[in-house]
Structures are given as structure tokens and as C-alpha cells.
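Student: I'd like to ask some things about the structure below.
Numbering (this note's numbering), first residue to last: 201 to 426.
Following this line, the structure appears as C-alpha cells:
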């Protein structure tokens with residue numbers, strides 16, 4: 201049936217998930233221009249001094265341009281396949297000399313958000329990362345208790361209190377003495393990542409890194425030697 205697949209692609213060429221132009225043949229999800237913007241050169245991984253309990257931080261880009269469009273298309277356009285592709289891209293930006301995580305853990309969204317979208321975008325990002333890194337992905341290991349308002353609806357100074365105590369862990373043994381990678385879509389103040397990382401380190405995780413598609417301009421991660 202390979203010939204049929206090729207015929208379909210010829211008659212109905214895939215379109216870019218961000219701008220609806222023709223997708224690049226080597227990508228399948230993005231056009232060459234959008235892909236180039238997401239792959240733009242620059243530091244995308246470094247030691248993190250500004251989010252408590254997080255040692256390293258990886259990201260695809262700042263929260264603007266194609267990265268912002270990608271986040272919105274994934275979350276509000278219900279593009280699950282795009283989310284996995286972006287997770288793969290995120291994993292590809294990880295330097296080859298950096299130790300790979302033993303476990304990839306998505307930061308769960310709220311249940312109302314999951315129902316509205318039909319999926320959890322962080323889970324799909326984590327699965328895309330896991331496919332590239334070859335590591336274990338624990339989609340429901342981290343739980344989110346009810347309550348708390350959406351972070352984006354709150355002023356920056358109230359976000360840490362809003363997520364305090366909101367996360368739980370199904371099995372502490374799953375993270376003990378392991379390198380854990382947290383995955384989320386956007387980091388603004390880092391409060392959500394800090395709350396999840398605090399729990400993981402408290403349950404014995406050897407190290408916690410964090411990966412997001414985009415960082416906003418509200419905080420700056422700093423590098424310590426490479």
C-alpha cells in the first residue's frame with residue numbers, strides 16, 4: 201500500500217500546521233519557513249538558577265513568532281500529532297554530551313482543560329520526547345489535585361501560591377535515584393515547574409530537569425559553565 205500513500209500525498213500534499221502553506225517534504229508537519237524559525241540557532245539548553253529544584257532547562261524558543269503559533273495550534277487547535285512532533289523537536293535540541301533522563305514526566309494539565317482539548321498537551325510532548333530519547337515516559341505518574349485557577353489568569357506574584365500543594369505522585373519508588381525530565385508547554389515564572397520538581401526531589405529523584413516549548417520574557421534562565 202506504499203504506492204497508495206504516495207499517491208495521496210501527491211494529490212493532497214500535507215499543509216503546514218502553523219501557516220497552512222505547503223509542508224516541507226522532509227518534515228511533513230511544517231513548511232520550510234516555519235521549521236527554520238523553530239530550529240533557529242541559539243542556546244536552548246542550560247543550567248537553571250531561577251527555578252527551585254530544577255537543575256537544567258531546555259526549550260524550543262521564546263514565546264513569540266512561530267513558537268507562540270505552535271503552542272496555540274497545539275493547545276487550542278487540538279493538534280495532538282503536532283504536539284508529539286514538537287516534543288520530538290524539543291528532544292533533538294538536547295546536546296549530545298548531556299546525560300539522558302531516566303524518566304520523562306509530563307506536568308499534568310487540569311481535568312477541565314483535558315476534557316476541553318481531548319488530550320493533555322504535556323503528555324503528547326513527553327511521548328514525542330520519549331520516542332526520540334528512547335527513555336521511559338510516565339504519563340500519569342504526576343497527578344494534579346482539583347482546585348486552583350489557570351496560571352495564565354493570575355498576576356505573576358500569585359502563581360507560586362496557586363500551585364502550592366497541587367501535585368501528587370502515584371509512586372515515589374518510580375523516581376527514586378533517577379534523573380527525571382519534567383515536560384510542559386510554556387514557562388512564565390517557573391512556579392508550576394518548581395512545585396512539581398519540589399515533589400519529585402522530595403521523593404528521592406536524583407536530579408530534575410525541565411523542558412518546555414517556550415519561555416516568556418518574565419524570567420531569565422542562566423547558565424553555569426556549558
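Cβ atoms here follow ideal geometry from the backbone N, Cα and C, with glycine treated the same way.
Just so it is clear, the structure is predicted and the values come from calculations on it, not from any experiment.
For residue 343, write down the residues that DSSP places opposite it in a beta bridge.
Tutor: 368
Student: Can you give me the C-alpha to C-alpha distance between residue 296 and residue 389, rounded to a whole angstrom?
Tutor: 28 Å
Student: Counting pairs of Cβ atoms below 8 Å between the region 319 to 334 and the region 300 to 311, do you hit three or more?
Tutor: By the Cβ test, the region 319 to 334 is in contact with the region 300 to 311, since at least three Cβ pairs between them sit closer than 8 Å.
Student: Looking only at its chain, what residues have a beta carbon closer than 7 Å to the beta carbon of residue 285, apart from the 5 residues adjacent to it on each side?
Tutor: Apart from sequence neighbours up to five positions away, the residues of its chain that approach residue 285 with a beta-carbon distance below 7 Å are 229 and 328, ordered along the chain.
Student: Let me know if residue 392 comes out buried or exposed under the rule of 16 or more other beta-carbons within 10 Å of its beta-carbon.
Tutor: buried
Student: For residue 226, name the three-state secondary structure that DSSP assigns.
Tutor: coil
Student: In the DSSP assignment, what residue or residues form a beta bridge with residue 246?
Tutor: 257
Student: Pull up the distance between the alpha-carbon of residue 275 and that of residue 264, whole angstroms please.
Tutor: 15 Å
Student: Are residue 256 and residue 244 close, meaning C-beta to C-beta below 8 Å?
Tutor: no
Student: Once the 5 residues before and after residue 279 are set aside, which same chain residues still bring their CB inside 8 Å of it?
Tutor: For residue 279, the CB contacts under 8 Å within the same chain, skipping 5 residues up- and downstream, are 217 and 273 in chain order.
Student: Check this for me: beta carbons of residue 308 and residue 343, under 8 Å apart or not?
Tutor: Yes, the pair counts as a contact, with Cβ atoms nearer than the cut-off.
Student: Does DSSP put residue 405 in a helix, in a strand, or in coil?
Tutor: strand
Student: Which whole-angstrom value is the C-beta distance of residue 271 and residue 383, which I expect to be below 8 Å?
Tutor: Not really, about 13 Å apart at Cβ, beyond 8 Å.
Student: State the start and end residues of the unbroken beta strand (DSSP E) segment that holds residue 381.
Tutor: Residue 381: member of the beta strand (DSSP E) spanning 379 to 387, first to last residue.
Student: Of the choices 366, 385 and 409, whose alpha-carbon is the least far from that of residue 378?
Tutor: 409
Student: DSSP puts residue 410 in a beta bridge; with which residues?
Tutor: 257 and 382
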